[in-house]
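Visitor: Provided herewith is a single structure, encoded as structure tokens, for subsequent inquiry.
In full-length UniProt numbering, the protein residues as written are 1 to 631.
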């Protein structure tokens, strides 16, 4: 017991510094000073794991096994389709009809249609004037009506159509919150609605996704996000099934889904499957995390002439019952034509299951840069390039995460400081920091510093390894075998906070070392001021290192004494002038004293011209007899 008390007393200052450092780390963590850095560490974990779909994935998921297909208004569509943006609503009606006929189970729009069709609005007055003359049929029907009719047809064909809505906050409005639904004409189609609200992190990156949102004035009403609504229709979850929170509000249960959430507003962490589809990562072949088709393909049927004749192949017709693409019609050899029709499932043997849209959730959105619907995700920088992800593809990643139940678990429940995560984070930070303190207590600063570097690298390897399911990822990366890093299975990825624990280790080491340096310099200066005139600097350092100071009253021991004086000092001192004598003695005693100190002697005193010194005290000196002789 006494030994423990003595040890604690000896380490009291160091423990106090360590506790103070820990409280500083906890305070900074509590005010979220590390959050942005933790988010970047999260991105590192994703990039270390790599994509799990696409040609560079180490354990690629077949893209046909993914349940989401993208239809994209991209640059190619901008170039090829014969309409200008924003496209007339009749175009979207055509898209819905074609996709429904091609077997899509769910069609979800990441495009808002809250305002009336502008191009049709221009014709309203003309239609009114012609209606009075009985000629209203000369003017095309209103685009919103055409779109609504196409939605009704698709729903009768077994395809669910989901239109984008948004929870809007306007402080000057009463009530300040409301849901922005599609325009009234489209609402007559009785389509489903899904919220497209964003949930960006502090650094502007998109990593989380809403499940449900509530209006402040309607606390019991849950409005699903676009992704959740698409999943409801895809899994045939009944409308009377309501979401429910577990007791500690960490999970939402909805039909067959159990969704871990990380905030009061029902957000979950999206497991990004890879970089954005369609980008070229140093290859001619475009990346495909998800199967992606330009809108120009979906509208490419016989009735529509694309802007480029050579690319107008009626591509979509091959997936529509009873329709044959123009390029296939132009094949003159009947055997070749029959063979191709059979392979494509056309004619009497039409097989809708060959359609890339069959039984899929088809997400429709835009990726044209000028429309600014882009997100920065954890794969923003990948393969040495920066790639923004279209917003519609972020919905796709969220939906696929939910369908696969491929959630990322988080140590402590949240990556940042919260009521839920604080105990787990405190234990992790404290444990690592105490290991650092033990190293500082029993090792010199240099060895302790090397230990700290090793501790940080091991922790980093284990923390990222918990996400990649490979704790040796760092070793494999350093030896050039990063391609052999294991790929985690579904629900095998765990995020561990990295920045706060590493900062805790660093600040504990730094504060203790700085304190030790300050105290060491102070003690050395005291010894130097006290004994510097009598003892060499090497002996002062040795005295400090051995923690031995001279004791009052003397100390018995085996030592070597040294005496010297000047021969015939009295004779020549009588003939020298006093000033010359003083200068000579100062020069002589200084030179002799330096020689003594260089040979590790301790100066005792001067007696006139005589010098008295000894070896081996107050600091033990090996071979002091020899040193005295050669002096």
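Where is the CB? At the ideal position from N, CA and C, for every residue including glycine.
With 16 other CB atoms within 10 Å as the buried threshold, where does residue 231 fall?
Guide: Taking the first residue of the chain shown as position 1, residue 231 is located at position 231. So residue 231 counts as buried.
Visitor: Would you call the segment 203-223 and the segment 169-183 touching, i.e. three or more CB-CB distances under 8 Å?
Guide: yes
Visitor: For residue 459, tell me which candidate among 489, 504, 630 and 423 has the shortest Cα-Cα distance.
Guide: Position 459 of the chain shown, counted from the first residue, corresponds to residue 459. Cα-wise, what sits closest to residue 459 is 504.
Visitor: Specify whether the segment 183-203 and the segment 150-162 touch according to this definition: at least 3 beta carbon pairs, one from each stretch, less than 8 Å apart.
Guide: These segments touch.
Visitor: Please identify the residue among 512, 156, 226 and 118 whose C-alpha is closest to the C-alpha of residue 167.
Guide: As a working mapping, residue 167 is identified with position 167 in the chain shown. A check of alpha carbon separations from residue 167 across 512, 156, 226 and 118 identifies 226 as the nearest.
Visitor: Can you list the alpha helix (DSSP H) stretches of 4 or more residues lying completely in the segment 213-294, in chain order?
Guide: Here the runs fully enclosed are 226-234.
Visitor: What distance in whole Å lies between the Cβ atoms of residue 235 and residue 255, which are believed to be in contact at a cut-off of 8 Å?
Guide: Residue mapping note: residue 255 aligns to position 255 of the chain shown, counting from 1. Residue mapping note: residue 235 aligns to position 235 of the chain shown, counting from 1. About 6 Å; that satisfies the 8 Å criterion.
Visitor: Determine the contact status of residue 96 and residue 154, defining contact as a CB-CB distance below 8 Å.
Guide: Counted from its first residue, the chain shown places residue 96 at position 96. Counted from its first residue, the chain shown places residue 154 at position 154. Against a cut-off of 8 Å, the Cβ pair of residue 154 and residue 96 comes out as a contact.
Visitor: If you reduce the DSSP assignment to three classes, tell me which class residue 561 lands in.
Guide: Indexing the chain shown from 1 puts residue 561 at position 561. For residue 561, the secondary structure class from DSSP, reduced to helix, strand or coil, is strand.
Visitor: Among all the DSSP beta bridges, which residues are the ones paired with residue 385?
Guide: By 1-based counting over the chain shown, the position of residue 385 is 385. DSSP lists 382 as partners of residue 385.
Visitor: In this structure, does DSSP put residue 501 in helix, strand or coil?
Guide: Translated into the one-based positions of the chain shown, residue 501 becomes position 501. Of the three classes helix, strand and coil, the one that applies to residue 501 here is helix, per DSSP.
Visitor: When DSSP builds the beta bridges, which residues end up paired with residue 374?
Guide: By 1-based counting over the chain shown, the position of residue 374 is 374. DSSP lists 390 as partners of residue 374.
Visitor: Would you be able to state if there are at least three C-beta pairs under 8 Å between the segment 351-359 and the segment 77-96?
Guide: As far as the Cβ criterion goes, the segment 77-96 does not touch the segment 351-359, which means the pair count is below three.
Visitor: Nearest-angstrom Cα distance between residue 94 and residue 298?
Guide: The count along the chain shown starts at 1 and reaches residue 94 at position 94. The count along the chain shown starts at 1 and reaches residue 298 at position 298. Put simply, the backbone Cα of residue 94 is about 9 Å away from that of residue 298.
Visitor: Can you tell which of 172, 399, 417 and 481 has the C-alpha that lies nearest to the C-alpha of residue 498?
Guide: As a working mapping, residue 498 is identified with position 498 in the chain shown. Selected option, being the one with the closest Cα: 417.
Visitor: Once you ignore the five residues that flank residue 558 on each side, which residues in its own chain have a CB closer than 8 Å to its CB?
Guide: Residue 558 sits at position 558 when you count from the first residue of the chain shown. Leaving aside the five residues that flank residue 558 on each side, the residues in its chain whose CB is nearer than 8 Å to its CB run, in chain order, 616.
Visitor: First and last residue of the alpha helix (DSSP H) that includes residue 477?
Guide: On the chain shown, residue 477 is found 477 positions in, with the first residue counted as 1. Annotation: the continuous alpha helix (DSSP H) that includes residue 477 extends over 473-478.
Visitor: For a quick check, are the C-beta atoms of residue 429 and residue 509 less than 8 Å apart?
Guide: For the purposes of this step, residue 429 is taken as the residue at position 429 of the chain shown. For the purposes of this step, residue 509 is taken as the residue at position 509 of the chain shown. Contact flag unset, no.
Visitor: Pair every Cβ in the segment 401-413 with every Cβ in the segment 372-384, then say whether three or more of these pairs are closer than 8 Å.
Guide: Not touching, per the Cβ criterion.
Visitor: Three or more C-beta pairs under 8 Å: does that hold for the segment 246-264 against the segment 39-56?
Guide: Too few Cβ pairs lie closer than 8 Å, so no.
Visitor: With DSSP as the reference, label residue 604 as helix, strand or coil.
Guide: The residue you call residue 604 lines up with position 604 of the chain shown. Reduced to three states, the DSSP call for residue 604 is strand.
Visitor: Pull up the distance between the alpha-carbon of residue 101 and that of residue 205, whole angstroms please.
Guide: Counting from 1 along the chain shown, the entry for residue 101 is found at position 101. Counting from 1 along the chain shown, the entry for residue 205 is found at position 205. In a straight line, the C-alpha of residue 101 is about 37 Å away from that of residue 205.
Visitor: Taking a contact to mean a Cβ-Cβ separation below 8 Å, would you say residue 517 touches residue 48 in this structure?
Guide: Taking the first residue of the chain shown as 1, we reach residue 517 at position 517. Taking the first residue of the chain shown as 1, we reach residue 48 at position 48. Cβ distance not < 8 Å, so residue 517 and residue 48 don't count as in contact.
Visitor: How big is the Cα-Cα spacing for residue 519 and residue 590?
Guide: Here residue 519 refers to the residue found at position 519 when the chain shown is read from its first residue. Here residue 590 refers to the residue found at position 590 when the chain shown is read from its first residue. Going from the Cα of residue 519 to the Cα of residue 590 covers about 32 Å.
Visitor: Could you tell me which of 32, 45 and 603 sits nearest to residue 462, measuring between CA atoms?
Guide: Start at 1 with the first residue of the chain shown, and residue 462 comes out as number 462. Closest by alpha carbon: 45.
Visitor: Rounded to whole angstroms, what is the Cα-Cα separation between residue 187 and residue 222?
Guide: As a first step, residue 187 must be located in the chain shown, where it is residue number 187. As a first step, residue 222 must be located in the chain shown, where it is residue number 222. Approximately 19 Å between the Cα atoms of the pair.
Visitor: Determine, using beta-carbon pairs with one atom in the segment 621-630 and one in the segment 587-604, whether at least three such pairs fall under 8 Å.
Guide: With a cut-off of 8 Å, the segment 587-604 and the segment 621-630 count as touching, because enough Cβ pairs lie within range.
Visitor: Candidates 29, 20, 19 and 23: which alpha carbon is nearest residue 500's?
Guide: Position 500 of the chain shown, counted from the start, is the residue given in the question as residue 500. With respect to the C-alpha of residue 500, the residue from 29, 20, 19 and 23 having the closest C-alpha is 29.
Visitor: Looking at the structure shown, is residue 69 part of a helix, part of a strand, or coil, going by DSSP?
Guide: On the chain shown, residue 69 is found 69 positions in, with the first residue counted as 1. Residue 69 falls in the strand class under three-state DSSP.
Visitor: How many Å lie between residue 614 and residue 454 at the Cα?
Guide: Here residue 614 refers to the residue found at position 614 when the chain shown is read from its first residue. Here residue 454 refers to the residue found at position 454 when the chain shown is read from its first residue. Spanning the two alpha carbons is a distance of roughly 47 Å.
Visitor: Which two residues bound the contiguous alpha helix (DSSP H) that contains residue 610?
Guide: Taking the chain shown and counting its residues from 1, the one referred to as residue 610 is at position 610. Residue 610 -> not in any alpha helix (DSSP H); beta strand (DSSP E) instead, spanning 610-615.
Visitor: Apart from the five residues just before and just after residue 395, which ones in its own chain have a Cβ nearer than 7 Å to its Cβ?
Guide: Within the chain shown, residue 395 is the residue found at index 395, counting from 1. Beyond the five residues adjoining it in sequence on each side, residue 395 comes within less than 7 Å, by CB distance, of 110, 226, 227 and 363 in the same chain, given in chain order.
Visitor: Helix, strand or coil for residue 552 per DSSP?
Guide: Against the chain shown, residue 552 aligns to sequence position 552. With a pLDDT of only 49 at residue 552, under the threshold of 50, the placement of this residue in the model should not be trusted; the figure read from the coordinates follows. Residue state, collapsed to three classes: coil.
Visitor: Residue 385: buried (16+ other C-beta within 10 angstroms of its C-beta) or exposed?
Guide: Along the chain shown, one-based indexing puts residue 385 at 385. The residue is exposed, with fewer than 16 neighbouring Cβ atoms inside 10 Å.
Visitor: Which same chain residues, not among the five before or five after residue 507, have their C-beta less than 7 Å away from its C-beta?
Guide: To locate residue 507, count along the chain shown from 1; it is residue 507. Closer than 7 Å at Cβ, skipping near neighbours: 21, 24 and 25.
Visitor: Assuming residue 295 and residue 73 are in contact, meaning their beta carbons sit under 8 Å apart, how far apart are those beta carbons, in whole angstroms?
Guide: For this step, residue 295 is matched to residue 295 along the chain shown. For this step, residue 73 is matched to residue 73 along the chain shown. About 5 Å; that satisfies the 8 Å criterion.
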